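For the sequence shown, this note's numbering assigns the number 371 to the last residue and increments by one with no breaks.
Ideal placement from N, C-alpha and C gives every residue a C-beta, glycine not left out.
These numbers come from a predicted model, not from an experiment.
Shown next, in structure tokens, is the structure this report addresses.
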Amino acid sequence: MRISIIGGGPSGSSAAHDLARKGHEVHLFEENSEIGIPCHCTGIVTKVLWEHIPKKKELILNELKSVRIHGPSTFTDVPLSEFVLDRAGLDKYLAQRASDAGVSIHYNQRFTGVQNRQLMFSSSDTQSPKQADVLIGADGPRSAVAKATNIFGERRFYLGVQATASGNFVPDRFEVWFGTVCPGFFAWLVPESESVARIGIAALESPQKYFQPFIKKHAKKIISYQGGPIPWFNKSSKQFTMHNGLPTYLVGDAGGLVKATTGGGIITGIMSGQLCAQAIEQQTSYEKLLAPLKRELWLHDFMRSMLNKFSDADYDHLIELMSTPKVKNILFNHPREFPSRFLCKLLLAQPRFMKFLPKTIM
Ligand SMILES: Cc1cc2nc3c(=O)[nH]c(=O)nc-3n(C[C@H](O)[C@H](O)[C@H](O)COP(=O)(O)OP(=O)(O)OC[C@H]3O[C@@H](n4cnc5c(N)ncnc54)[C@H](O)[C@@H]3O)c2cc1C
């Protein structure tokens, strides 16, 4: 059975690695000439990542011990343990691991469509095999695979804009700002070190309007710019279809599998790649295996919908309620990937959070 994977990001390489290790013939097609470049990410992850891939010291640029959460007129510091990754390095490591497991990687191959199991690419390369028995779309938020197989559906995107910049930063603390500084999402400053940070915002529209004043305020000198669309998880989106007899799976951003609260998709992408490989190997339903992860993403969406109705006063009140040791302790002990494991505990520790629930139905 020949499995063709489109896209050499973390989701595609994870699926490729697991399938090749089980002895499948796996081809991974990447549109760029180099994996991980260009980079479009802040690269912040929780320790849950190391439950899914080996912890490699060389991929960790910085370790974070707390987050400062700013409201319009107040802030609180919450302890945590998170990592700033060399994002291009992560992608390269995962692709190399897949290649070592036997995956054939084909560069400069931009997928454009599929007809009768025959894959089409924009390059004229005749060497790589184009016939597929199984197709996996791991080609990011604007997935050409999802479009070609008619499961792109209704999607909304946040537009993320970020600069890597020099300045003076507290190296083990990242910061986020909520409220009018970046309505509908948040702004962030994530230090790589005490002199370099990744500073950005995301918005549903006009991101530059919020990014320009924010970057001017926090950066001394711009080193480089990054950015791109961040899919907003849609609970009715499909991640599997039988397209003219070709089983087609979507993983990671291609399937919209991103946390709507933070825009984080590295870990959920890797998890979905691994679940997709498991579904193919065990000839079982991918949708069934994905269901627990999609439930967590639905909770993120639920929280995002609530936050999007917050006034500045609501944000300040939320931050005040988060400032108790009990709440901070729960947040420290529960990585944000799995809100089902801590939302009830938060409500018990701070019943006044209930005040915000009507926002979810208004
Ligand atoms: C500004 C910004 C900051 C972010 N910060 C974080 C963060 O701090 N933490 C976090 O967890 N997530 C973050 N994310 C989200 C994260 O980057 C994505 O969720 C993650 O990259 C998803 O991985 P993926 O493998 O699914 O897709 P991608 O990483 O997008 O990989 C897709 C791959 O497919 C290739 N490709 C695309 N189209 C084609 C085609 N037609 N043919 C062949 N190849 C193709 C691309 O070149 C790419 O290599 C951020 C996103 C943005 C925009």
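> Do valine 205 and serine 175 have their C-beta atoms within less than 8 angstroms of each other?
Replying inline: Here the question's residue 205 lines up with position 196 in the sequence shown. Here the question's residue 175 lines up with position 166 in the sequence shown. Result yes, Cβ atoms of valine 205 and serine 175 sit closer than 8 angstroms.
>> Would leucine 94 and serine 23 qualify as a contact pair, given that the criterion is a beta-carbon distance under 8 angstroms?
In response: Here residue 94 refers to the residue found at position 85 when the sequence shown is read from its first residue. Here residue 23 refers to the residue found at position 14 when the sequence shown is read from its first residue. Contact annotation: leucine 94 and serine 23 have beta-carbon atoms that are not nearer than 8 angstroms.
> Can you name the start and end residues of the alpha helix (DSSP H) that valine 154 belongs to?
Replying inline: As a first step, residue 154 is located in the sequence shown; it is residue number 145 there, counting from the start. First-last of the alpha helix (DSSP H) with valine 154: 153 to 157.
> Going by the CB atoms, is the gap between isoleucine 12 and histidine 26 shorter than 8 angstroms?
Replying inline: Numbered from 1 along the sequence shown, position 17 holds the residue referred to as residue 26. Numbered from 1 along the sequence shown, position 3 holds the residue referred to as residue 12. No, they are not a contact pair.
> Among Gln235, Ala263 and Ala211, which has the Cα closest to the Cα of arginine 164?
Replying inline: Locating residue 164 in the sequence shown gives position 155, counting from the first residue. The shortest C-alpha separation from arginine 164 is found at Ala263.
>> Just to confirm the assignment: which complete alpha helix (DSSP H) runs, minimum length 4, are found wholly within the region 206 to 234?
In response: Counting only runs of 4 or more, we get 216 to 227.
>> Just to check my reading of the structure: glycine 209 and threonine 51 have Cβ atoms closer than 8 angstroms, yes? What is that Cβ distance to the nearest angstrom?
In response: Stepping through the sequence shown from its first residue, residue 209 is reached at position 200. Stepping through the sequence shown from its first residue, residue 51 is reached at position 42. With a Cβ gap of about 7 angstroms, glycine 209 and threonine 51 count as contacting.
> So is glutamine 221 buried or exposed if we call it buried at 16+ other beta carbons inside 10 Å?
Replying inline: Taking the first residue of the sequence shown as position 1, residue 221 is located at position 212. If you draw a 10 Å sphere on the C-beta of glutamine 221, you find fewer than 16 other C-beta atoms in it, and that means exposed.
> Just curious, the beta strand (DSSP E) that isoleucine 46 is in, first and last residue?
Replying inline: As a first step, residue 46 must be located in the sequence shown, where it is residue number 37. Run containing isoleucine 46: none; DSSP gives neither H nor E here.
>> Just to confirm the assignment, what range does the beta strand (DSSP E) spanning methionine 401 have?
In response: Residue 401 lies beyond the range of the chain shown here (10 to 371); nothing can be said about it.
> When the Cα atoms are used, what is the spatial distance from alanine 212 to methionine 10?
Replying inline: Counting from one through the sequence shown, the residue named residue 212 turns up at place 203. Counting from one through the sequence shown, the residue named residue 10 turns up at place 1. Here the alpha carbons of methionine 10 and alanine 212 stand approximately 42 angstroms from one another.
> Does the Cβ of cysteine 353 have 16 or more other Cβ atoms within 10 Å, making it buried, or fewer, making it exposed?
Replying inline: Position 344 of the sequence shown holds residue 353. Cysteine 353 counts as exposed, since fewer than 16 other C-beta atoms from the protein chains shown sit within 10 angstroms of its C-beta.
> For ligand 1, any of its heavy atoms closer than 7 angstroms to the Cβ of cysteine 353?
Replying inline: If you number the sequence shown from 1, residue 353 lands on position 344. The beta carbon of cysteine 353 sits no closer than 7 angstroms to any heavy atom of ligand 1.
> Using the beta-carbon count (16 or more within 10 Å), is asparagine 125 buried or exposed?
Replying inline: Here residue 125 is taken as the residue at index 116 of the sequence shown, counted from 1. The Cβ neighbour count for asparagine 125, taken over all protein chains shown within 10 Å, is under 16; the residue is labelled exposed.
> Start and end of the beta strand (DSSP E) containing glutamate 91?
Replying inline: To locate residue 91, count along the sequence shown from 1; it is residue 82. For glutamate 91, the enclosing beta strand (DSSP E) begins and ends at 84 to 94.
> Does the distance from the C-beta atom of proline 88 to that of phenylalanine 341 stay below 8 angstroms?
Replying inline: Residue numbering aside, residue 88 sits at position 79 when the sequence shown is read from its first letter. Residue numbering aside, residue 341 sits at position 332 when the sequence shown is read from its first letter. Inclusion of proline 88 and phenylalanine 341 in the CB contact set at 8 angstroms is warranted, their separation being smaller than that value.
> Over what stretch of residues does the alpha helix (DSSP H) that includes tryptophan 186 continue unbroken?
Replying inline: Translated into positions along the sequence shown, residue 186 becomes position 177. Per DSSP, tryptophan 186 belongs to no alpha helix (DSSP H); it is in the beta strand (DSSP E), 182 to 186.
>> Please report the distance separating the alpha-carbon of glycine 17 from that of alanine 147.
In response: The sequence position of residue 17 within the sequence shown is 8, counting from 1. The sequence position of residue 147 within the sequence shown is 138, counting from 1. Roughly 7 angstroms between the two C-alpha positions.
>> So, does the region 240 to 247 touch the region 299 to 315, judging by three or more C-beta pairs under 8 angstroms?
In response: They touch, by the three-pair rule.
>> Along the chain, where does the beta strand (DSSP E) containing lysine 74 start, and where does it finish?
In response: By one-based count along the sequence shown, residue 74 stands at place 65. DSSP places lysine 74 in the uninterrupted beta strand (DSSP E) bounded by 69 to 79.
> For ligand 1, is there a heavy atom less than 7 angstroms away from the beta-carbon of serine 245?
Replying inline: On the sequence shown, residue 245 is found 236 positions in, with the first residue counted as 1. Because no heavy atom of ligand 1 lies under 7 angstroms away, the Cβ of serine 245 does not count as near it: no.
> So what does DSSP say about histidine 326, is it helix, strand or coil?
Replying inline: By 1-based counting over the sequence shown, the position of residue 326 is 317. DSSP places histidine 326 in helix when its eight states are reduced to three.
> Any idea if aspartate 109 is buried or exposed, counting beta-carbon neighbours within 10 angstroms, 16 or more meaning buried?
Replying inline: Here residue 109 refers to the residue found at position 100 when the sequence shown is read from its first residue. Aspartate 109 should be labelled exposed.
> Which residue comes first and which comes last in the beta strand (DSSP E) that contains valine 170?
Replying inline: On the sequence shown, residue 170 is found 161 positions in, with the first residue counted as 1. Segment 165 to 175, the beta strand (DSSP E) holding valine 170.
> For ligand 1, any of its heavy atoms closer than 7 angstroms to the Cβ of alanine 147?
Replying inline: Taking the sequence shown and counting its residues from 1, the one referred to as residue 147 is at position 138. Correct: alanine 147 has its Cβ closer than 7 angstroms to ligand 1.
> Should glutamine 171 and arginine 207 be called a contact, given that it needs their Cβ atoms to be closer than 8 angstroms?
Replying inline: By one-based count along the sequence shown, residue 171 stands at place 162. By one-based count along the sequence shown, residue 207 stands at place 198. Contact: yes.
>> If you follow the alpha helix (DSSP H) that tyrosine 116 is in, where does it begin and where does it stop?
In response: Numbered from 1 along the sequence shown, position 107 holds the residue referred to as residue 116. Careful: tyrosine 116 lies outside any alpha helix (DSSP H) and carries neither H nor E.
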